[in-house]
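**Student:** In my numbering, the protein residues as written are 136 to 605. Here's a structure for you.
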């Protein structure tokens, strides 16, 4: 089956095919960015229903596809719904589809980062929807607003008595339905919202065969189309970032199995569990690229920061100051190192980080003070913190975030976060509300206070960002 033109561009809307960069992925680009556990009663939302559908051959925007119909719902890849208009052999928006990926990408996003929604009053356990929405708002630049009559495009969360979880991909026109059966918990709802804001499944990436094996003989007959890649459909595809087994959009090892044997395994033959607890780090990063808001990535300002190092620390300053620069050679006889580089981290992910290395025999400090900038409305500071992989022997450090602002003509500063972290195999998340400083000129300071064995402390700040969701 060969998909051409528009449909391939539509695929590129997603995390699995996002058209910002064509990445060359190697074996070391396989990551698991969140715990491979599930808070839902089963591993994958599309396995809940026991009802058998009818396999059909259709036309999507003028190109042939295979999909499944269950009680009038057209399902593609197991839980993605297709409307009759999408399956129309003569698509009404063909002129828009031929004008390039950029315009198509914009057309399928929610304008101004606002997703309007409504909940069917008869939907049981509505907290799974509100909890899923809260998770999306806490981790992305998206805002979810209850729909008024004046909002023509919106998501409608509806009860499904056949125990199906499903959603269309991207913003449609008018009301688009997320079906939630009784077995679709909060994690599955987070997954389906992911489809509605523009994400496809992780395992349909064209580079997936470098990292996982599809065991075709174990797949239920008639369900093979759910495992097709862009390449199998005749398209090259664009793959964004590392292949992520921990993505909430990833199939489980047992998806659509006919014999209880795995349909997807790692390359070494081992199985894994679909993660349906939260958005992974990779999910969050790509959604923030789809919906950037007015965020400020502090690593982009690192070269303009004032980096200092000292042996002791007081409320505001360090003593025995030593001016640092980015990319200090480790052999230099200086009091620390500050660098922005892509590194393997203690949670075995490979990410670009700002890492700060106090090279003192005893207690030491590195701090970076960023230029003043006006904080937008609804601002938050967010980052993950941890260590470079292999930083053995560390007794931990204190990761601190300070804010500086002017008050009555004088500079004041406040410590807004203090996370004591040891090398544990996982990162810690910092999320601080700065909305009370909206409209003010604020300086952000990042500090690392090392302990006695600071020679092994490779402290890493992952994606430190001022996030503005509103």
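Every residue gets a Cβ at the ideal spot worked out from N, C-alpha and C, and that includes glycine. Predicted model, so just to flag it, every value in this text is computed and none were measured.
Are the segment 320–333 and the segment 301–311 touching, with three or more C-beta to C-beta distances below 8 Å?
**Tutor:** For the pair of segments examined, the segment 320–333 was found to touch the segment 301–311: the number of CB pairs separated by less than 8 Å reaches three.
**Student:** Check the C-beta distance from residue 434 over to residue 443 and give it rounded, since I have them as a contact under 8 Å.
**Tutor:** Not confirmed; about 18 Å, so no contact.
**Student:** Going by C-alpha to C-alpha distance, which of 404, 600, 316 and 340 sits closest to residue 364?
**Tutor:** 340
**Student:** Cα-Cα, which of 507, 470, 346 and 361 is closest to residue 431?
**Tutor:** 507
**Student:** Once the 5 residues before and after residue 503 are set aside, which same chain residues still bring their CB inside 6 Å of it?
**Tutor:** 440, 442 and 581
**Student:** Alpha carbons only, please: which of 409, 415 and 297 is nearest the one belonging to residue 316?
**Tutor:** 297
**Student:** To the nearest angstrom, how far is it from the Cα of residue 567 to the Cα of residue 384?
**Tutor:** Looking at the two C-alpha atoms, the distance is approximately 27 Å.
**Student:** Once you ignore the five residues that flank residue 359 on each side, which residues in its own chain have a CB closer than 8 Å to its CB?
**Tutor:** 351
**Student:** Which ranges would you report for the beta strand (DSSP E) in the segment 524–579 if only whole runs of at least 3 residues count?
**Tutor:** Qualifying beta strand (DSSP E) stretches, in chain order: 532–542, 545–556 and 563–568.
**Student:** Ignore the nearest five residues each way along the sequence and tell me which others in residue 248's own chain have a CB closer than 8 Å to its CB.
**Tutor:** 276, 277, 278, 426, 428 and 604
**Student:** Could you tell me if residue 541 is buried or exposed, where buried requires 16 or more neighbouring beta carbons within 10 angstroms of its beta carbon?
**Tutor:** exposed
**Student:** Do you know whose CA, among 569, 377, 537 and 396, lies nearest residue 584's CA?
**Tutor:** Comparing Cα positions, the closest option is 537.
**Student:** For residue 419, I'd like the list of residues in its chain whose CB is within less than 6 Å of its CB, leaving aside the five on either flank, ordered along the chain.
**Tutor:** 274
**Student:** Is the distance from the Cβ of residue 532 to the Cβ of residue 556 below 8 Å?
**Tutor:** Cβ atoms of residue 532 and residue 556: closer than 8 Å.
**Student:** According to DSSP, which residues form a beta bridge with residue 486?
**Tutor:** 478
**Student:** Does the Cβ of residue 472 have 16 or more other Cβ atoms within 10 Å, making it buried, or fewer, making it exposed?
**Tutor:** buried
**Student:** Here's the rule I'm using: 16 or more other beta-carbon atoms within 10 Å means buried, otherwise exposed. How should residue 283 be labelled?
**Tutor:** Of the other Cβ atoms in all chains shown, fewer than 16 fall within 10 Å of the Cβ of residue 283; this residue is therefore exposed.
**Student:** Considering just the uninterrupted stretch of the beta strand (DSSP E) at residue 325, what are its terminal residues?
**Tutor:** Element bounds for residue 325: not the beta strand (DSSP E) but the alpha helix (DSSP H), 321–332.
**Student:** Determine the burial state of residue 347: buried for a count of at least 16 other Cβ atoms within 10 Å of its Cβ, exposed for fewer.
**Tutor:** buried
**Student:** What do you get for residue 492, buried or exposed, if any count of 16 or more other CB atoms within 10 angstroms of its CB means buried?
**Tutor:** buried
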